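Asks: Here the protein sequences line up with chains A and B, keeping their order. Residue 214 in this note's numbering is what sits at position 211 of the first sequence, and the numbering runs on without skipping anything. Residue 200 in this note's numbering is what sits at position 197 of the second sequence, and the numbering runs on without skipping anything. In this text, a Cβ means the ideal position worked out from N, Cα and C, and glycines have one as well. Just so we're clear, the structure is a prediction, and the values are computed from it rather than from any experiment.
There are 2 protein chains.
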Amino acid sequence: MIETVVRGEDTKQAILDAAENLFGEQGYSATSMRSIVAAADVNLAAIHYHFGSKEALLEAVLDRRGKLLEHERFELLSRFEAGAGGKGPEIEQILEAFLAPAIRLTRDPSGGGRRFVQLVGRLLGEPGEGFRKAFTQQFGPTVARFGAALERALPGTLKEELFWKMFFSAGAMAHTLRSAGLVRALSDGLCDDSDGEMVLKRLIAFLAAGMRAPLPVIGPIQGS
Amino acid sequence: MIETVVRGEDTKQAILDAAENLFGEQGYSATSMRSIVAAADVNLAAIHYHFGSKEALLEAVLDRRGKLLEHERFELLSRFEAGAGGKGPEIEQILEAFLAPAIRLTRDPSGGGRRFVQLVGRLLGEPGEGFRKAFTQQFGPTVARFGAALERALPGTLKEELFWKMFFSAGAMAHTLRSAGLVRALSDGLCDDSDGEMVLKRLIAFLAAGMRAPLPVIGPIQGS
DNA sequence: GTCTATACCACGATAGAC
DNA sequence: GTCTATCGTGGTATAGAC
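(1) Within a Cβ cutoff of 7 Å, which residues of the same chain sit near Ala183/A, ignoring the five residues on either side of it in sequence?
(2) Here's the rule I'm using: 16 or more other beta-carbon atoms within 10 Å means buried, otherwise exposed. How should Gly52/B be labelled?
(3) Using the beta-carbon count (16 or more within 10 Å), is Asn46/A buried or exposed?
(4) Between the segment 23–34 of chain B and the segment 18–28 of chain A, can you find at least three pairs of beta-carbon atoms closer than 8 Å?
(5) Should Ala87/A be labelled buried (16 or more other beta-carbon atoms within 10 Å of its own) or exposed?
(6) Give a yes or no on whether the minimum CB-CB distance between Leu218/A and chain B is below 8 Å.
(7) Spell out a yes or no on whether the segment 10–21 of chain A and the segment 53–64 of chain A are touching, meaning 3 or more CB-CB pairs, one atom from each, closer than 8 Å.
(8) Report the rounded CA-to-CA distance for Gly174/A versus Phe101/A, giving the unit in angstroms.
(9) Answer with buried or exposed for Glu12/B, where buried requires no fewer than 16 other C-beta atoms within 10 angstroms of its C-beta.
(10) Can you tell me whether Ala33/A is helix, strand or coil according to DSSP?
(11) Using a 10 Å radius around the Cβ and a threshold of 16 neighbouring Cβ atoms, would you call Leu185/A buried or exposed?
(12) Can you tell me whether DSSP reads Ala211/A as helix, strand or coil?
(13) Any beta-carbon of chain B closer than 8 Å to the one on Arg117/A?
(14) Find the nearest neighbour of Pro92/B within the set Thr179/B, Pro158/B and Ala177/B, judged by alpha-carbon distance.
(15) Should Ala208/B be flagged as near chain A, meaning a C-beta pair shorter than 8 Å?
(16) Could you check whether Ile207/A and Leu98/A sit closer than 8 Å to each other, using their CB atoms as the reference points?
(17) Can you say whether Val123/B is buried or exposed, counting buried as having 16 or more other CB atoms within 10 angstroms of its CB?
(18) So which residues on chain B does Leu193/A lean against when the C-beta distance must stay under 8 Å?
(19) So with Cβ pairs under 8 Å, would you call Gln225/B a contact of chain A?
(20) I want to see whether chain A comes within less than 8 Å of Phe26/B, judged by CB atoms only; does it?
(21) Under 8 Å, Cβ to Cβ, is there at least one residue of chain A near Pro158/B?
(22) Quick check: is the beta carbon of Thr179/A nearer than 8 Å to any beta carbon in chain B?
(23) Do you know offhand how far Glu6/A's Cα is from Arg187/B's?
(24) In chain order, what residues of the same chain lie with their CB nearer than 7 Å to the CB of Glu229/B, ignoring the 5 residues before and after it?
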């Protein structure tokens with residue numbers, strides 16, 4: 004006779020922890036729900052009871068830390084805005100407000116924060132209308148808020164040019180975040196990303212230069 | 004009585020075409036072999052006969068266009084090197100030699116080239132020791148060749164700093180390539196990437212600025 | 001409300017007939 | 001070279017125990 008132990012919220016959190024780790028390590032599609040319930044030591048059907056589906060579980064994983072991440076980013080940006088007087092914060096400060104909370108998550112001793120960051124970085128590149136919607140919903144307000152800040156920091160930049168700069172930057176940022184902890188292997192031992200502050204400062208310097216660079220305008224507006 | 008038709012090489016190419024399209028559209032893990040054989044109108048076991056496994060099929064897809072892509076990149080870089088005399092090509096030219104052949108593939112009328120480029124861009128972010136090995140094998144020589152060219156174009160740059168610049172650039176490039184044809188949707192109609200030359204020039208300008216920017220050096224080497 | 005057992009169909013892979 | 005049959009595992013769904 005197997006005893007039925009009612010754990011309630013514990014079960015939910017155990018599933019979220021296991022899913023965060025496995026999704027971050029192996030990617031969403033490559034992770035099976037059976038491996039998640041095995042790691043969490045719960046029954047297979049518990050996922051469907053608490054979340055409904057694999058995709059809904061992913062959204063719950065994103066939600067758990069995503070709200071806090073968004074709050075920290077807004078908080079930091081607001082602090083920089085307050086300290087900059089009327090002219091708004093510098094580009095470097097805007098980038099720092101966006102990146103520092105994410106990089107800090109990378110150093111979470113439990114490893115869960117790093118896995119979460121890797122997962123988000125990978126999701127930006129994954130196709131499937133399914134969770135592009137969830138992704139936009141999660142990070143849309145952040146993109147809007149930081150886009151507005153960048154627009155003020157780069158006077159005279161067309162909306163279209165700013166989009167491309169943010170687009171290129173998103174690629175570099177996502178690549179850096181999803182590779183968290185793997186740089187030593189990727190660079191054959193040449194480099195290391197264990198010093199998060201170092202990675203942060205270098206990424207900011209790289210992106211700020213690109214943000215300030217004038218992008219060529221093609222077409223009848225400028226001619227050749 | 005169903006007739007057995009022997010198609011030989013046709014079957015192999017049909018599978019490669021279908022796999023390229025579906026891997027590029029949906030990603031590797033999310034694409035089932037059954038959907039591939041349905042699109043190619045061949046039997047399920049044909050994949051295993053011609054390629055051996057799903058992962059081997061992926062490598063075959065990468066191989067088919069990858070060799071030509073590498074050749075075009077090397078060719079372009081060599082031409083720039085020949086035209087630059089003893090001092091080597093400019094950063095912009097090196098980036099163009101790397102990116103232009105890939106962007107041009109994006110405009111392939113059949114759509115296969117675009118799907119291939121999307122696939123490669125996505126693979127850079129996917130985990131799994133499995134095809135990181137295949138990926139390195141496919142693009143290792145290219146990275147080495149272009150890294151050497153960049154090193155000469157950026158005198159006085161430490162190997163470590165150069166790695167990070169190439170690392171950030173790889174993220175931006177992969178993001179741009181894997182989003183080929185999706186920018187209109189991603190930007191809510193604000194921008195479009197149907198003009199490949201425009202995307203190319205803007206990406207090069209963005210990256211060249213980052214490449215030239217001095218990255219902060221942390222640690223005892225420079226102090227604060 | 002919480003959890004278990006179990007069944008369902010699609011998946012990647014393989015063996016062997018033709 | 002091609003096909004069918006089959007294996008173990010994947011995501012999903014539900015009935016019912018507690």
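Replies: Judging by the given coordinates:
(1) What you label residue 183/A is simply residue 180 of the first sequence in a count that begins at 1. Counting only Cβ-Cβ distances below 7 Å, and skipping sequence neighbours, we find Thr109, Arg117, Val120, Gln121 and Asp196.
(2) The residue labelled residue 52/B in the question sits at position 49 within the second sequence. A quick correction: the sequence has Tyr, not Gly, at residue 52/B. Its Cβ having fewer than 16 others within 10 Å, Tyr52/B is exposed.
(3) Counted from its first residue, the first sequence places residue 46/A at position 43. Flag for Asn46/A reads exposed.
(4) no
(5) Looking up residue 87/A in the first sequence gives position 84. It is exposed - the Cβ of Ala87/A has fewer than 16 other Cβ atoms within 10 Å.
(6) Locating residue 218/A in the first sequence gives position 215, where the first residue counts as 1. By this cut-off, Leu218/A is an interface position.
(7) yes
(8) For the purposes of this step, residue 174/A is identified with residue 171 of the first sequence, where counting begins at 1. For the purposes of this step, residue 101/A is identified with residue 98 of the first sequence, where counting begins at 1. Going by the C-alpha atoms only, they are around 14 Å apart.
(9) The residue you call residue 12/B lines up with position 9 of the second sequence. Looking at its Cβ environment, which holds fewer than 16 other Cβ atoms inside 10 Å, Glu12/B is exposed.
(10) Position 30 of the first sequence, counting from 1, holds the residue named residue 33/A. Note: Ala33/A maps to coil in three-state DSSP.
(11) Within the first sequence, residue 185/A is the residue found at index 182, counting from 1. It counts as exposed.
(12) As a first step, residue 211/A must be located in the first sequence, where it is residue number 208. If DSSP states are grouped into helix, strand and coil, Ala211/A belongs with the helices.
(13) Position 114 of the first sequence, counted from the start, is the residue given in the question as residue 117/A. It does not: the Cβ of Arg117/A has no partner Cβ on chain B nearer than 8 Å.
(14) Taking the first residue of the second sequence as 1, we reach residue 92/B at position 89. Nearest C-alpha to Pro92/B: Pro158/B.
(15) Your numbering for residue 208/B matches position 205 in the second sequence. Judged by the 8 Å Cβ criterion, Ala208/B is in contact with chain A.
(16) The residue you call residue 98/A lines up with position 95 of the first sequence. The residue you call residue 207/A lines up with position 204 of the first sequence. Yes.
(17) Here residue 123/B refers to the residue found at position 120 of the second sequence. Classification for Val123/B: buried.
(18) In the first sequence, counting from the first residue as 1, residue 193/A sits at position 190. By Cβ distance, chain B contributes Lys162, Glu163 and Phe166.
(19) For this step, residue 225/B is matched to residue 222 along the second sequence. With a pLDDT of only 47 at Gln225/B, under 50, the local geometry of the prediction cannot be trusted, and no value is derived from it.
(20) The residue given as residue 26/B occupies position 23 in the second sequence. Phe26/B does not count as touching chain A.
(21) By one-based count along the second sequence, residue 158/B stands at place 155. Answer no: the Cβ-Cβ gap between Pro158/B and chain A never drops below 8 Å.
(22) Position 176 of the first sequence, counted from the first residue, corresponds to residue 179/A. It does; some Cβ of chain B falls within 8 Å.
(23) By one-based count along the first sequence, residue 6/A stands at place 3. By one-based count along the second sequence, residue 187/B stands at place 184. The predicted position of Glu6/A is uncertain, since its pLDDT is 49 and thus under 50; no value can be drawn from it.
(24) The question about residue 229/B has no answer here: the residues shown for chain B are numbered 4 through 227.
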